[in-house]
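Novice: Here the working numbering is used: the first residue of the sequence shown is 34, the next is one more, and so on.
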Amino acid sequence: MKIIVEENYEKMSNRAALLLASQVHLKENSKIGLATGGTPMGMYNKLIEMYEAEEIDFFQVTTFNLDEYCGLSKENPNSYHYYMFDNFFNHINIKKENINIPNGMAADYNKECRDYESLIENAGGIDLQVLGIGANGHIGFNEPAEKLNVMTEVVNLREETIKANSRYFEAEEKVPKQAISMGMATILKSKRIILLASGKNKVEAIKATVSGKISTRVPASLLQTHPEVTMIIDKDAAALI
Ligand code: GLP
Numbered sequence: 034m035k036i037i038v039e040e041n042y043e044k045m046s047n048r049a050a051l052l053l054a055s056q057v058h059l060k061e062n063s064k065i066g067l068a069t070g071g072t073p074m075g076m077y078n079k080l081i082e083m084y085e086a087e088e089i090d091f092f093q094v095t096t097f098n099l100d101e102y103c104g105l106s107k108e109n110p111n112s113y114h115y116y117m118f119d120n121f122f123n124h125i126n127i128k129k130e131n132i133n134i135p136n137g138m139a140a141d142y143n144k145e146c147r148d149y150e151s152l153i154e155n156a157g158g159i160d161l162q163v164l165g166i167g168a169n170g171h172i173g174f175n176e177p178a179e180k181l182n183v184m185t186e187v188v189n190l191r192e193e194t195i196k197a198n199s200r201y202f203e204a205e206e207k208v209p210k211q212a213i214s215m216g217m218a219t220i221l222k223s224k225r226i227i228l229l230a231s232g233k234n235k236v237e238a239i240k241a242t243v244s245g246k247i248s249t250r251v252p253a254s255l256l257q258t259h260p261e262v263t264m265i266i267d268k269d270a271a272a273l274i
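#1: Which parts of the segment 104–135 are runs of the alpha helix (DSSP H), unbroken and 4 residues or longer, counting only runs that do not cross its ends?
#2: For H171, is the classification buried or exposed, using 16 other Cβ atoms within 10 angstroms of its Cβ as the cut-off for buried?
#3: On the three-pair Cβ rule with 8 Å, is the segment 201–212 touching the segment 89–104?
#4: Would you kindly work out how many angstroms separate the C-alpha atoms of N78 and V183, rounded to a whole number?
#5: In the DSSP assignment, find the unbroken beta strand (DSSP E) run with A230 in it and report its ends.
#6: If you draw a straight line from the C-alpha of H275 to the C-alpha of S254, how long is it?
#7: Hey, Y142 and I195 are a contact pair by Cβ (cut 8 Å); roughly how many whole angstroms apart?
#8: Can you find the residues in the same chain that come closer than 8 Å, C-beta to C-beta, to E43, ignoring five residues on each side of it along the sequence?
#9: Are there three or more Cβ pairs, one per stretch, closer than 8 Å when the segment 266–273 is compared with the segment 186–200?
#10: DSSP puts N98 in a beta bridge; with which residues?
#11: Quick check: what's the CA-CA separation for H114 versus L273?
#12: Applying the criterion that 16 or more other CB atoms from any shown protein chain within 10 Å of the CB defines a buried residue, is K246 buried or exposed?
#13: Give a yes or no on whether the C-beta atoms belonging to Y84 and F92 are separated by under 8 Å.
#14: Leaving out the 5 sequence neighbours to the left and right, which residues in its chain are closer than 6 Å to L161 when beta-carbon positions are compared?
#15: Just the Cα atoms here: how many angstroms apart are N234 and Y116?
#16: On the CB-based measure, 16 or more other CB atoms within 10 Å of its CB, does G137 come out buried or exposed?
#17: Determine, using beta carbons only, whether A166 and T242 come nearer to each other than 8 Å.
#18: Would you call the CB atoms of I227 and L52 closer than 8 Å?
#19: Pull up the distance between the alpha-carbon of I134 and that of N189, whole angstroms please.
#20: Using CA atoms only, rank isn't needed, just tell me which of I81, E87 and R147 is closest to N123.
#21: State the Cα-Cα distance for the pair T96 and D148, rounded to the nearest angstrom.
#22: Any residue with its Cβ nearer than 6 Å to a heavy atom of ligand 1 should be included. What is that list in chain order?
Rendered as structure tokens:
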């Protein structure tokens, strides 16, 4: 695991954007895995700036998002579909047909999950996966548990995740209880992974991810088994390592 500690959120975001851009420069039809949440917002802003300055071109890029809430439509401002278009895709030249996000309104969730796996496989796998991390060590929506999902599946969200994510919703009751999420193997099959973390509330999760034993109780700790992981974290998140 390579660990890069940056002074603050802005520097962390810029560093992540440069790393993603270098992947696209290396291979213009890169398959990029993307994350939502507050953490990658700065990276998306920087990438939009770079696109506007003609420093990066997304025309041939394909993306796969990690997860989506069950029961939220694409038009719902709390859906990850909405987040991705609003914060990133609407501002760059990516082709709509190259954007992949699990469908939270699918009539048959099992089929949706299997199809999502096939889409990734048929694209030749993910070249670079961007991850955030939950304060409880979750990645995507793979929550701490005795057993973790291997492939893309419907998952039950834990109480603390519902609480943490309720800041985006009108009320905690409005946060969906389930989501579709890439599984651990889906994530770990990516050729390269970058994990971003910022702020004091991630400090324990980062410590457990970097130096704890590998445990399904800290899903991110499984990243220790991957040969090409770069963690880009700010000083606050790195305080215990
Ligand atoms: C959500 C997402 C994760 C994300 C996590 C942390 O639960 N499913 O992909 O990493 O939240 O979010 P934030 O970056 O807002 O702390």
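Using N, Cα and C, we set each Cβ at its ideal position, and we do this for glycine too.
Specialist: Once the coordinates are examined:
#1: 113–120
#2: Here residue 171 corresponds to residue number 138 of the sequence shown, with the count starting at 1. Buried.
#3: yes
#4: The sequence position of residue 78 within the sequence shown is 45, counting from 1. The sequence position of residue 183 within the sequence shown is 150, counting from 1. Using only the alpha carbons, I get a separation of about 32 Å.
#5: Translated into the one-based positions of the sequence shown, residue 230 becomes position 197. A230: member of the beta strand (DSSP E) spanning R225 to A230, first to last residue.
#6: Absent from the model: residue 275. The displayed extent of the chain is 34 to 274, so no value can be given.
#7: Counted from its first residue, the sequence shown places residue 142 at position 109. Counted from its first residue, the sequence shown places residue 195 at position 162. With 8 Å as the limit, Y142 and I195 do not qualify as a contact, their Cβ atoms being about 19 Å apart.
#8: Locating residue 43 in the sequence shown gives position 10, where the first residue counts as 1. Taken in chain order, the residues that qualify are G75.
#9: no
#10: Against the sequence shown, residue 98 aligns to sequence position 65. The partner list for N98 (beta bridge, DSSP) reads L67.
#11: Counting from one through the sequence shown, the residue named residue 114 turns up at place 81. Counting from one through the sequence shown, the residue named residue 273 turns up at place 240. For H114 and L273, the distance between alpha carbons rounds to 34 Å.
#12: Within the sequence shown, the letter at position 213 stands for residue 246. So K246 ends up on the exposed side.
#13: Position 51 of the sequence shown, counting from 1, holds the residue named residue 84. Position 59 of the sequence shown, counting from 1, holds the residue named residue 92. Not closer than 8 Å, so no.
#14: In the sequence shown, the residue the question calls residue 161 occupies position 128. Cβ within range, chain order: Q56, I65 and R225.
#15: Position 201 of the sequence shown, counted from the first residue, corresponds to residue 234. Position 83 of the sequence shown, counted from the first residue, corresponds to residue 116. If you take the alpha carbons of N234 and Y116, they lie about 23 Å apart.
#16: Here residue 137 refers to the residue found at position 104 when the sequence shown is read from its first residue. Burial of G137 is indicated by the presence of at least 16 other C-beta atoms within 10 angstroms of its C-beta.
#17: What you label residue 166 is simply residue 133 of the sequence shown in a count that begins at 1. What you label residue 242 is simply residue 209 of the sequence shown in a count that begins at 1. In the sequence on display, residue 166 carries Ile and not Ala. A contact, by the Cβ cut-off of 8 Å.
#18: Here the question's residue 227 lines up with position 194 in the sequence shown. Here the question's residue 52 lines up with position 19 in the sequence shown. Cβ atoms of I227 and L52: closer than 8 Å.
#19: Counting from one through the sequence shown, the residue named residue 134 turns up at place 101. Counting from one through the sequence shown, the residue named residue 189 turns up at place 156. Looking at the two C-alpha atoms, the distance is approximately 18 Å.
#20: For the purposes of this step, residue 123 is taken as residue 90 along the sequence shown, with counting starting at 1. Proximity to N123 across I81, E87 and R147 peaks at I81, based on C-alpha coordinates.
#21: The sequence position of residue 96 within the sequence shown is 63, counting from 1. The sequence position of residue 148 within the sequence shown is 115, counting from 1. Their backbone Cα atoms lie some 15 Å apart in a straight line.
#22: A68, T69, G70, G71, T72, L99, D100, G165, I166, G167, G173, F174, T194 and N198
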